[in-house]
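*Asks:*
Residue numbers (the working numbering): 5 to 292.
1) Where does residue 287 sit, in a helix, a strand or coil, going by DSSP?
2) Does DSSP put residue 141 in a helix, a strand or coil?
3) Confirm the yes/no value for this check: CB of residue 115, any heavy atom of the ligand SAM, distance under 7 Å.
4) Let's see if you can read the secondary structure: which residues bound the beta strand (DSSP E) around residue 192?
5) Quick check: what's the CA-CA separation for residue 119 versus residue 142?
6) Where are the alpha helix (DSSP H) runs, 4 residues long or more, that stay fully inside the segment 12–47, in chain order?
7) The alpha helix (DSSP H) with residue 207 in it runs from where to where?
8) Return the CA-CA distance between residue 122 and residue 253, expressed in angstroms with no decimal places.
9) For the beta strand (DSSP E) holding residue 163, just list the boundary residues, first then last.
10) Under 8 Å between the Cβ atoms of residue 248 and residue 222?
11) Let me check understanding here. Comparing Cα to Cα, which of 215, 9, 31 and 104 lies closest to residue 79?
12) Residues in its own chain within less than 8 Å of residue 244 by CB, not counting five upstream and five downstream?
13) Looking only at its chain, what residues have a beta carbon closer than 6 Å to the beta carbon of residue 240, apart from the 5 residues adjacent to it on each side?
14) Cα-Cα, which of 135, 144 and 177 is closest to residue 162?
15) Under DSSP, the alpha helix (DSSP H) around residue 130 begins and ends at which residues?
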């Protein structure tokens, strides 16, 4: 499971710190070396780790902490607070417009990131809130993606809008809004095409969709298994199209958790949900 190995290593560092009656600057730096290694081994991006360690050291190596009654405990507290801050501080929510108006969500991410499944999972969550979502098949390059979305839509008892593979994704997005209004749907979820890697054509298509319809949330699905690559993916999407929130998929797998810490840090955008399994109800709010 994600974070298990990282948690274990950090707990060992904390145990050593707590056991010391007094702390020197060298003690703190030695402990932070171990924290640094634990984070890097968990696939946290090196830039993120560097900034994290610097921030902790600046707060920990001070007279108030060093001369306190329990300096080890104080340093542990600082590390914990910085970790929570790194993952977003407080829990973020996917806020929707009032039920009488449309909310448009655009799902984006690389092929295989779990984007189509995540779209259906979000639709299921939205239905529980008494809203009527509409899943929209904007991936015209993979007929299997349209079929997958239609199958998942049935499973979560949600409408699915598709115009096949011969109509442009922009036109599909446009027409889906008319369909939503006519059929009483108030949350439109656009499942866009993924690519095996980031390319200009993919980004341009997403920009065109955003210009054609008023997107309220651009949600980037990041595969937690991608490790260091998660940073480059998140950064590229955010720079080109602007990301409003992150969804971490496959956090139940053998990932080391670094993607979660890194993607949030480089985009400054909140992690909204964590995908914890294959089932369509395996989506949980992300608690830092």
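Ideal Cβ positions, reconstructed from N, Cα and C, are used throughout, including at glycine.
*Replies:* Reading off the structure:
1) strand
2) strand
3) Ligands displayed in this structure: none; no statement on the ligand SAM is therefore possible.
4) 191–195
5) 12 Å
6) 29–45
7) 204–216
8) 8 Å
9) 163–165
10) yes
11) 31
12) 207, 210 and 211
13) 202
14) 135
15) 119–132
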